[in-house]
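Novice: Submitted below is the structure of interest, expressed as structure tokens.
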Amino acid sequence: MKQGRNDENVGVLQNFVVSVWAMIWKFKIVIVLLIVLYLIHYNFLREYKSREELFADGCLEGTKYVEDNFANLDQMDPELVRYVRTRYLIPPTSPNVPYHFKNPGKDIKTGHGQWVRKYLKDKRGGVFIEAGANEGEFHSHTLELEMELGWSGLLIECNPTVTPYLRSKRRKAWVAGVCISTGNRPAVLNFSNPEGWTYSGRIGPAWNLPVASNWTYFDVESVPLYTIIAAAGYKEIDFFSFDVEGIEFEILRQFPFDRIVFKLIIMEVQFIDQTKRDELEAFMKSKGYSAVEKQGLDHIYKHESLIVD
1 MKQGRNDENV GVLQNFVVSV WAMIWKFKIV IVLLIVLYLI HYNFLREYKS REELFADGCL
61 EGTKYVEDNF ANLDQMDPEL VRYVRTRYLI PPTSPNVPYH FKNPGKDIKT GHGQWVRKYL
121 KDKRGGVFIE AGANEGEFHS HTLELEMELG WSGLLIECNP TVTPYLRSKR RKAWVAGVCI
181 STGNRPAVLN FSNPEGWTYS GRIGPAWNLP VASNWTYFDV ESVPLYTIIA AAGYKEIDFF
241 SFDVEGIEFE ILRQFPFDRI VFKLIIMEVQ FIDQTKRDEL EAFMKSKGYS AVEKQGLDHI
301 YKHESLIVD
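Each residue of the sequence shown is one higher than the last, beginning at 1 in full-length UniProt numbering.
Right under this line is the structure:
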């Protein structure tokens with residue numbers, strides 16, 4: 001009889017221990033879910049809230065002076081760099097998260113990707129910057145490098161009507177939804193947006209597109225290229241795809257080439273006349289870059305540190 005009671009007590013104790021462990025595991029699962037929900041909510045706030053709401057939530061605490069002195073801050077100002085990182089940059093999506101493409105089976109190879117593979121010898125794990133990234137999928141100049149060679153980097157897109165699509169692609173690179181200023185300080189510039197062909201949106205006046213389109217115009221904030229790159233934490237870039245519809249030379253004139261090196265630059269020169277192209281080539285040579293190819297409207301420059309066979 002006594003043995004039976006002992007067995008019964010042991011059984012009760014075992015059931016109690018099992019129940020406690022079950023409760024602990026349920027508690028752990030709840031905690032993990034709460035953390036995940038918090039992180040999703042935090043990223044949502046960073047990406048979609050207005051600047052005023054971000055200040056109210058404390059996300060931009062300590063940078064109000066950037067707002068008050070926006071157009072007077074030098075491109076190297078550490079507070080401006082920190083502000084750009086907090087305000088405009090979205091971190092790369094985890095490699096474990098699948099892409100979200102409209103046409104996932106479409107060929108991703110482009111002329112730019114092939115030229116980069118040629119000059120950088122199929123380098124793996126490189127760093128790119130694509131200024132004029134558009135929506136990040138159709139005719140992207142860097143997607144091939146990212147998906148096939150494991151590259152990452154920085155995607156810069158000025159057009160605010162396009163950046164939501166770029167963010168939705170889940171690229172494994174920083175996304176900067178901000179315009180590049182043509183000076184060494186931030187500025188508010190006028191943007192021309194062709195509603196039927198957003199690939200040709202540009203800082204400055206509209207131009208004659210080969211397709212019919214209505215143009216809309218609005219002011220956009222812009223910051224120097226150096227500030228955006230510094231905010232992402234890069235000092236050396238393997239490949240710079242530069243296509244911002246005609247203000248490339250003005251941007252480069254203000255860039256501190258002694259601080260950041262681009263090993264290979266592919267630049268569109270469609271909106272640059274021949275006189276300016278000659279000036280651009282001389283300017284690039286003075287900064288240590290030589291033109292190695294001129295493919296139609298794209299000129300390819302390499303840094304003197306890059307050895308080409």
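In this text, a Cβ means the ideal position worked out from N, Cα and C, and glycines have one as well. Remember, predicted model here, so these are calculated numbers, not experimental data.
1) To the nearest angstrom, how far is it from the Cα of residue 157 to the Cα of residue 130?
2) Checking 9 angstroms against the spacing of the C-beta atoms, do residue 262 and residue 283 come in under that value?
3) Straight-line CA distance for residue 82 to residue 162?
4) Tell me whether the segment 135-144 and the segment 168-175 touch, counting them as touching only if at least three CB pairs, one residue from each stretch, are closer than 8 angstroms.
5) Which same chain residues end up closer than 7 angstroms to residue 216 when comparing Cβ atoms and leaving out the 5 residues on each side of it in sequence?
6) For residue 109, which three-state DSSP category applies?
7) Which residues mark the beginning and the end of the alpha helix (DSSP H) in which residue 251 is found?
8) Mapping DSSP to helix, strand and coil, what is residue 36?
9) Looking at the structure shown, is residue 115 part of a helix, part of a strand, or coil, going by DSSP?
10) Quick check: what's the CA-CA separation for residue 68 versus residue 304?
11) Within a Cβ cutoff of 6 angstroms, which residues of the same chain sit near residue 237, ignoring the five residues on either side of it in sequence?
12) At 3 residues or longer, and completely inside the segment 162-206: list those beta strand (DSSP E) runs for me, N to C.
13) Of the choices 241, 88, 204, whose alpha-carbon is the least far from that of residue 133?
14) Okay, do the segment 116-126 and the segment 218-228 touch, 3+ Cβ pairs below 8 angstroms being the bar?
15) Please state the DSSP three-state secondary structure of residue 270.
16) From what residue to what residue does the beta strand (DSSP E) around residue 219 run?
17) On the DSSP bridge assignment, give the partners of residue 300 in chain order.
Specialist: Reading off the structure:
1) Taking the sequence shown and counting its residues from 1, one reaches residue 157 at position 157. Taking the sequence shown and counting its residues from 1, one reaches residue 130 at position 130. As the crow flies, the alpha-carbon of residue 157 is around 8 angstroms from that of residue 130.
2) Here residue 262 corresponds to residue number 262 of the sequence shown, with the count starting at 1. Here residue 283 corresponds to residue number 283 of the sequence shown, with the count starting at 1. Against a cut-off of 9 angstroms, the Cβ pair of residue 283 and residue 262 comes out as no contact.
3) Against the sequence shown, residue 82 aligns to sequence position 82. Against the sequence shown, residue 162 aligns to sequence position 162. Each residue's Cα considered, the two are about 24 angstroms apart.
4) Touching, yes.
5) In the sequence shown, the residue the question calls residue 216 occupies position 216. Only 193, 195 meet the Cβ criterion.
6) Within the sequence shown, numbered from 1, the residue matching residue 109 stands at position 109. In the structure shown, residue 109 sits in coil (DSSP, three-state: anything other than H, G, I, E or B).
7) Taking the sequence shown and counting its residues from 1, the one referred to as residue 251 is at position 251. In the DSSP assignment, residue 251 falls within the unbroken alpha helix (DSSP H) covering 248-253.
8) Here residue 36 refers to the residue found at position 36 of the sequence shown. No answer about residue 36 holds up, because its pLDDT of 42 lies below 50 and its placement is not dependable.
9) Counting from one through the sequence shown, the residue named residue 115 turns up at place 115. When secondary structure is reduced to three states using DSSP, residue 115 falls in the helix class.
10) For the purposes of this step, residue 68 is identified with residue 68 of the sequence shown, where counting begins at 1. For the purposes of this step, residue 304 is identified with residue 304 of the sequence shown, where counting begins at 1. Distance between the alpha carbons of residue 68 and residue 304: 41 angstroms.
11) Start at 1 with the first residue of the sequence shown, and residue 237 comes out as number 237. The beta carbon of residue 237 is closer than 6 angstroms to those of 127, 129, 262 in its chain, skipping five residues each way along the sequence.
12) Uninterrupted beta strand (DSSP E) stretches at least 3 residues long and entirely within the segment 162-206 occur at 174-176, 187-194, given in chain order.
13) Your numbering for residue 133 matches position 133 in the sequence shown. Sorting 241, 88, 204 by C-alpha distance to the C-alpha of residue 133 places 241 at the top.
14) Too few Cβ pairs lie closer than 8 angstroms, so no.
15) The count along the sequence shown starts at 1 and reaches residue 270 at position 270. Correct three-state label for residue 270: coil.
16) The residue you call residue 219 lines up with position 219 of the sequence shown. That run of the beta strand (DSSP E) goes 215-223.
17) Taking the first residue of the sequence shown as 1, we reach residue 300 at position 300. Under the DSSP definition of a beta bridge, residue 300 partners with 266, 293.
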